[in-house]
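Taking this note's numbering, the leading residue of the sequence shown gets 2, the next gets one more, and so forth. Even glycine gets a Cβ: it sits at the ideal position worked out from N, Cα and C. Read the structure below first, then the notes.
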Amino acid sequence: MYNNNNKFDIDLAYGQVKEKELAKILFEKKIEVKSDKLWKKTGNVAVEFKCNGKPSGISVSEAEFYAFILDDNNTINGIAILPISKLKEIARKYKKNRVFGGDNNLAEMILIPIDELLK
2 MYNNNNKFDI DLAYGQVKEK ELAKILFEKK IEVKSDKLWK KTGNVAVEFK
52 CNGKPSGISV SEAEFYAFIL DDNNTINGIA ILPISKLKEI ARKYKKNRVF
102 GGDNNLAEMI LIPIDELLK
């Protein structure tokens, strides 16, 4: 809602509702947190779905939300928080971007463009 008379009361009320929604996610919901150090170089985040031939990562997560910490030389450059249902939807869209990594390259991951997380 936009208030075009230069009063911020309506915008403030809307902002306060969204602040409460975020607080509820952070304090009451289960969030899986992943950090990505290569995002700036690749433009992607890696989302694990299988390891050693078995489902893992988003395939088995019990979290309601995923948070990606975009790390840049040990400094948080941004955080993207998505419902896991939305992340799975995006991952299916990019399943052709499958790569292997992690210890002994046993983890199967999907590379998702950063821009896609922010849509």
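- By the 10 Å Cβ neighbour count, where 16 or more other Cβ atoms means buried, how is Gly-44 classified, buried or exposed? For this step, residue 44 is matched to residue 43 along the sequence shown. With fewer than 16 other Cβ atoms within 10 Å, it is exposed.
- Task: Locate the alpha helix (DSSP H) running through Asp-104, then write down its first and last residues.
- Result: Translated into positions along the sequence shown, residue 104 becomes position 103. First-last for Asp-104: undefined, no H or E at that position.
- Item | Same chain only: Cβ atoms within 7 angstroms of Ser-62, ignoring 5 sequence neighbours per side | Residue numbering aside, residue 62 sits at position 61 when the sequence shown is read from its first letter. The answer, listed in chain order, is Glu-33 and Ile-85.
- Query: Is DSSP giving Gly-54 helix, strand or coil here?
  - Reply: In the sequence shown, counting from the first residue as 1, residue 54 sits at position 53. Here Gly-54 sits in coil by DSSP.
- Going by beta carbon distance, what residues of the same chain come within less than 8 angstroms of Lys-96, once the five residues before and after it are set aside? Walking along the sequence shown from the start, residue 96 turns up at place 95. Result list for Lys-96: Ile-111, in chain order.
- Item | Unbroken beta strand (DSSP E) run spanning Leu-119, endpoints | What you label residue 119 is simply residue 118 of the sequence shown in a count that begins at 1. Element bounds for Leu-119: n/a, residue is neither H nor E.
- Query: What separation, rounded to the nearest whole angstrom, lies between the Cα atoms of Ser-36 and Leu-13?
  - Reply: By 1-based counting over the sequence shown, the position of residue 36 is 35. By 1-based counting over the sequence shown, the position of residue 13 is 12. In this structure, the straight-line span from the alpha carbon of Ser-36 to that of Leu-13 is close to 32 angstroms.
- Task: Starting from Tyr-67, follow its DSSP beta bridges and name the residues at the other end.
- Result: Indexing the sequence shown from 1 puts residue 67 at position 66. Tyr-67 is bridged to Glu-33 and Leu-83.
- Just tell me which of Glu-117, Lys-38 and Val-18 has its CA closest to the CA of Ile-190. Given that the chain is displayed from residue 2 to residue 120, the structure contains no residue 190 and the question cannot be resolved.
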